[in-house]
Structures are given as C-alpha cells and as structure tokens.
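Protein chains: 2
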Amino acid sequence: MSKAQDTRAHVMATAERLFARHGLSNVSVRQITAEARVNLAAINYHFGSRDGLAMAIFRRRASELARDRLDRLRKLEADGGADLRAILGALLGPPLEWCCGGEESRDAVRFLIHARGERHPEIRRLINTHLDVLLRFAASIARVRPDLPEDEIYWRLFFTLALEHDLCSESERLVNLSGGACRRDDLEAVLDRVRDFAVAGVDSPARAQRDAQPRAAQ
Amino acid sequence: MSKAQDTRAHVMATAERLFARHGLSNVSVRQITAEARVNLAAINYHFGSRDGLAMAIFRRRASELARDRLDRLRKLEADGGADLRAILGALLGPPLEWCCGGEESRDAVRFLIHARGERHPEIRRLINTHLDVLLRFAASIARVRPDLPEDEIYWRLFFTLALEHDLCSESERLVNLSGGACRRDDLEAVLDRVRDFAVAGVDSPARAQRDAQPRAAQ
DNA sequence: GTCTATATGTTGATAGAC
DNA sequence: GTCTATCAACATATAGAC
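Residue numbers (numbering that gives the first Met the number 0), protein chains in the order written: chain A, 0 to 217; chain B, 0 to 217.
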C-alpha cells in the first residue's frame, strides 16, 4: 500500500471517529489533521474539501451496512423460513453488532446516524440512493403479512428504524433514565429487547381487523 | 410589555425557528439578528451569549412540554381509568400535536429534539433535570403492568420515545421511503399509528412469561 | 437599551516552495 | 505528495457613543 493510500485511510478513520463523537458540523479540518498528525492540506489534496471527506466516509459505511443487511436477508430467504423475527434480526442485527463491537465499528454507526440527521443536501441525496435495501425489507415483511396494506408496512418499518437510531446514538439517555438499571453492554440481551419490541409492533393486527373487534371498554 | 421584553421574545422566536431548521451548530448570531432585524449586539445583551440564548429557549420549551405531558397524566389518573393506551397518549400526544400544529409549535418540537442530540454538556445537564416527568410515566406504566421488571419498563419507555423523536424530526424519510404513500398531515391518523406500535411493544408479555411458553417452531 | 465599530480568534481553501 | 505561509471570510464578544 502506497504512502498516499496510507494517509488517505488514516485520515478517514480519524475523521470518522471525530465526526461520530462531536457531530459533523462541530469538527474542523484543523482538528482532524492535527489528531491524525498529517498536514493541514492533506484533506483538500485527497478529498477536495471537508465535505468531500465526509461524503467519502458516508459512501463507504452506508454501502457496508447495506450489503451486510442484504446478505443476511438473502440467506434467510434462500433457507426458505423467513419469519418476521428473523427478518427484523437481519435489519437490526448489523447496526447493533457494530454498535456493541469495537470502538471503530461503534463510531462507524454513530457517524452514519449523525450524517442521516444532517440537513446537508448532498448527503440527503445520497441517502435516497440506499433506499432500495429498505424496500427489499418492506417486500419481505409484506410476504409474511400479506394482510397489511402497503402504507402500514412502511409506517412500521419506519418505526423499527427509529428504535435502532435512538439505541445507537442516544442509549446514554436510557442509562440515565433507568439509574443504571438498564445495561447496554450485552449485545444478545439488547438485540433481544429491541427485537421483541419491534416484532410486537410490526406483527400487531392490521387496523381494519382491530376495528372489527372493538373492545368493550371503548 | 416593554420594548426590551419585546425584542427579547422576538429574538427567541426567530432563533428557535432557525435552530430548528438548520441545527444548533449551523446558525450564527449574525443570521439570527439579521433575520429578526435587531441589532447584532442584542443577543449578547439579553442572553449573555449565543449558547445562553439556546439554553433560554430550551429551558422554556422543555418546561412547557413537561407540564403538558404531566397535566394529561394527572387528569388521567384522577379519572381513575388510566389504561396503557391512554398513558402513552399522554406521553406522545403533546409533541405530536405540536409537530402537526402551526409552524411555530412544529419548530419548537424540532428545536427540542435537535437540542437533545447535541453533545453540548450544559444542555445534557439540563436534560437530566427533566427526567422526573419520564419517571412519573414509568411509574404509571408499572401500575398497569406490575408483572414487568423495572428495567424492562425503562427499555420500553425508551423505545417509545425513540418513535416520537424520529417521527418529529425524520418523517421526511418516511415519505421518501413510501414513495408518498404515507401521509403525515392527518394528526389523528399519525397519532393512532404510533400509539398502536407503541402499545403493542410496551404491552407485550414479559420475557419471563414468553420463555415459559416457547414456540414449537423454535 | 440600542447602536456602531472593532478586537480577537477560527474557519476552509489554496498558492507555491520543496 | 508533502509542507509552509497566507488569504478572505466567517465567528463571538465587547467597549463606548448615543
């Protein structure tokens, strides 16, 4: 690997860590180059601009996440038995495993989530490029629950992703709220909990069915 | 109302709108004062600093939201019949009604959510001040579901708040994902959907109960 | 209280030596 | 490819006239 490739990768890793921890808008070119111990001009040389660097990181990580999710979903469907719990496991597993894994992969997820929240138009455009994976999951859910209307599936998929977002980026609040009673270090336990919640929500009866069986107390 | 109070309030309203739409870190003192058509020094005079202004807005809105939620919960409990759906309605109703209400209240919610995501230590300290309201809700849920362990309740409360966060700040993604099939302009419909999902997750059986009745296919 | 003028620092990006 | 030096634009905050 050439020296250039070397510093390029090193700058990306350092920037990702800083972006993930302090937010995209709160990290300057100077902070990154100082932390990475490379020259101030390196970012502009290798990535054109600070935003170019952020986009390069986003492109790479978003692709990795999409591929990881898709691989699991394909394997599931190839094996034939894709029940809802397994499908949602393929969706939620990758980011949560990254999040509970080493420092680097945790920062990768947090970077992605930060980036998704950015108003920056270029990034928002890029996000819509990766929608197809989520549509695959929607189709997979529709196969298990053919009674659900299309828009209902999208709502429930959206809610499921919301669980993942907050869990990866705001879990500190859960620790504060629970006074330490909730631990987030046991991946299996965390994954089970969020999957329980998501399955319950996604697999609940369709509104039409529920309206047909109104409760007496209502 | 004095002239000073007048510009003070006007600056807060303008700043809240800009903060909500572009993010806390992406709005400068100059943008705010220009948009509000007040003097550049006004912010430092009335609030000490740009961060002081942000904190003043946060304090006000966080208190309003907390009071709104608490009032509903108290009324519910006073009437005796606080079922889970009603409790979660008291939790989710205020932010969603704000979000679907006028421009100003929508910006108020989005400001709060943006602020919650900030790494700024002063704001994070302030957030923990408002935890007591959430603990009230946790206690209320515990009364309906005394079989749930304490930490399980916090997990589910945390997940419920995650739904609200993404719904108020990232609902644009839902529209993109669904190709326009999901509409977010009908407050009652949105509130019903998120409440359905939340109730299903929060009211699902405790893990211990589920383990005692393992499914055959597992 | 409101304003102008300004002090002081930081930002992203680049030109040109090596 | 890497570095130093520097630019122009932006930031926050304040001192002092009115």
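Positions of the beta carbon are idealized from the N, C-alpha and C atoms, including for glycine.
Examine chain B for any beta-carbon lying closer than 7 Å to the beta-carbon of residue i, and answer yes or no.
i	result
A:E15	no
A:D5	no
A:G179	no
A:G88	no
A:E149	yes
A:N175	yes
A:L64	no
A:S139	no
A:R84	no
A:R192	yes
Can you find the residues in the same chain that come closer than 6 Å, C-beta to C-beta, to residue i, ignoring five residues on each side of it along the sequence?
i	result
B:S170	R183
A:I56	M11, E15
A:A81	L75
B:A61	H129
When burial is assigned at 16 or more other CB atoms within 10 Å of the CB, is residue i buried or exposed?
i	result
A:E102	exposed
A:L72	buried
A:S48	exposed
A:Q217	Because A:Q217 carries a pLDDT of 42, less than 50, the predicted location of this residue cannot be relied on, and the following value inherits that uncertainty. With fewer than 16 Cβ atoms within 10 Å of its Cβ, A:Q217 is classed as exposed.
B:D195	buried
B:E117	buried
A:D231	Missing from the structure shown is residue 231 of chain A; chain A here goes from 0 to 217 and no further.
B:P93	buried
B:D131	exposed
B:D146	exposed
B:E231	A query on residue 231 of chain B cannot be resolved here, the shown segment of chain B reaching from 0 to 217 and no further.
B:A85	buried
A:A41	buried
A:D106	buried
B:T128	exposed
B:E149	exposed
B:A197	buried
B:E15	buried
B:E163	buried
A:D165	buried
B:A114	buried
B:L39	exposed
A:A33	exposed
B:A207	exposed
A:R68	buried
B:A199	buried
A:R36	exposed
Could you confirm whether any beta carbon from chain A is found closer than 7 Å to the beta carbon of residue i?
i	result
B:W154	yes
B:L186	no
B:L133	yes
B:L162	yes
B:G200	yes
B:D70	no
B:H119	no
B:H129	no
B:S27	no
B:F157	yes
B:F196	yes
B:D146	no
B:S203	yes
B:S48	no
B:D78	no
Helix, strand or coil for residue i per DSSP?
i	result
B:C181	coil
B:L166	helix
A:P148	coil
B:R16	helix
B:L83	helix
B:V26	coil
A:D78	coil
B:A41	helix
B:D5	helix
B:D233	Residue numbering for chain B in the displayed model covers 0 to 217; residue 233 of chain B lies beyond these limits and cannot be assessed.
B:H129	coil
A:P204	coil
B:G92	helix
A:G116	helix
B:R36	coil
Enumerate in chain order the residues of its own chain whose CB-to-CB distance from residue i is below 7 Å, with the five nearest sequence positions on each side excluded.
i	result
B:I152	A137, I140, A141
B:A215	Note that B:A215 scores 49 on pLDDT, short of 50, meaning its location in the model is unreliable; the coordinates nonetheless yield the value given after this. Cβ neighbours of B:A215 beyond the five flanking positions: none.
Cβ of residue i within 6 Å of any heavy atom in the ligand SAM?
i	result
B:A3	Only the bare structure without any ligand can be found here, which leaves the ligand SAM out of the picture.
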